[in-house]
Amino acid sequence: MSKIMTTSIKPILLARYDEESDRVRVEIPLYRFERRVDFTYYSEEDQPQLERAVADREFVGLVDKLVQKEAFGFGVKVGSNNLRPEFRVAVLHGLPEAGKILKTFLETLYRHSGLLAGVLDRFSPYWSEPRVRRHSGLVAFTVMEVGKEQSGRPVWVSQLVTADDISSPVKEDKALVTPAGVSG
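Here the sequence shown is numbered in this note's numbering, starting from 432 and rising by one per residue.
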């Protein structure tokens, strides 16, 4: 008998490059703020203000881990879409830079998945390390909870989407599902 029980698939993170507004957007659909938030976080000096706005130290700690990365030197915009957190980072140099930002988000969130799990009121997840071979073509990723170990620890998987995945011909009976919608 398997030690992992599958459950319904729940989206943990939805991330994509929004070419129209030249931003990378990362959403956490299972978490809700108590009130609307619109804040740009640059460094630890902004921590008290964000704590007052969000009132969740684990969430603020997660944001703090993100902004320590070089890719987020211009800050991470923390906003809310229907009270669900959304991180937005401006992209200055098109798809290659967007891919690098997405890769940095994914790697940082993987390294600090315990914080992310705490924000979502879950145990630290079993999540095999996502492998991004070529970040220059990365346009989206999704992290999903697909089950639980017998101990109750959630099982997370990542799905990476590249520009090649979207631009390659799709057979009539198949479609690619991305965080931004359905292609094909």
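Even glycine gets a Cβ: it sits at the ideal position worked out from N, Cα and C.
Query: Backbone secondary structure at D469 - three-state DSSP; Result: strand
Query: Per DSSP, the bridge partner or partners of Q590; Result: T573
Query: Outcome for G530 when other beta-carbon atoms lying within 10 angstroms are tallied against a minimum of 16; Result: buried
Query: Coil, strand or helix - R454 by DSSP; Result: strand
Query: Same chain, Cβ closer than 7 Å to E489, five either side skipped, listed in chain order; Result: L546, G549 and V550
Query: For L445, the nearest candidate out of E580, M575 and I597 (CA to CA); Result: M575
Query: L537 - DSSP class collapsed to helix/strand/coil; Result: helix
Query: Backbone secondary structure at F503 - three-state DSSP; Result: helix
Query: Enclosing alpha helix (DSSP H) for P479 [first to last residue]; Result: Q478 to V485
Query: Short Cβ contact (9 Å threshold) for V520 with R454; Result: yes
Query: Straight-line Cα distance separating D552 from R447; Result: 24 Å
Query: Identity of the residue in F505, E517 and Y473 nearest F464 by Cα; Result: E517
Query: Alpha-carbon spacing of K441 relative to V509, whole angstroms; Result: 22 Å
Query: Spatial neighbours of T593 in its chain, beta-carbon cut-off 7 Å, leaving aside the 5 residues before and after; Result: G568, L569 and V570
Query: 7 Å Cβ shell around S582 - same chain, five flanking residues per side excluded; Result: none
Query: CB of W587 within 9 Å of CB of I443, strictly; Result: yes
Query: R542, DSSP secondary structure in three states; Result: helix
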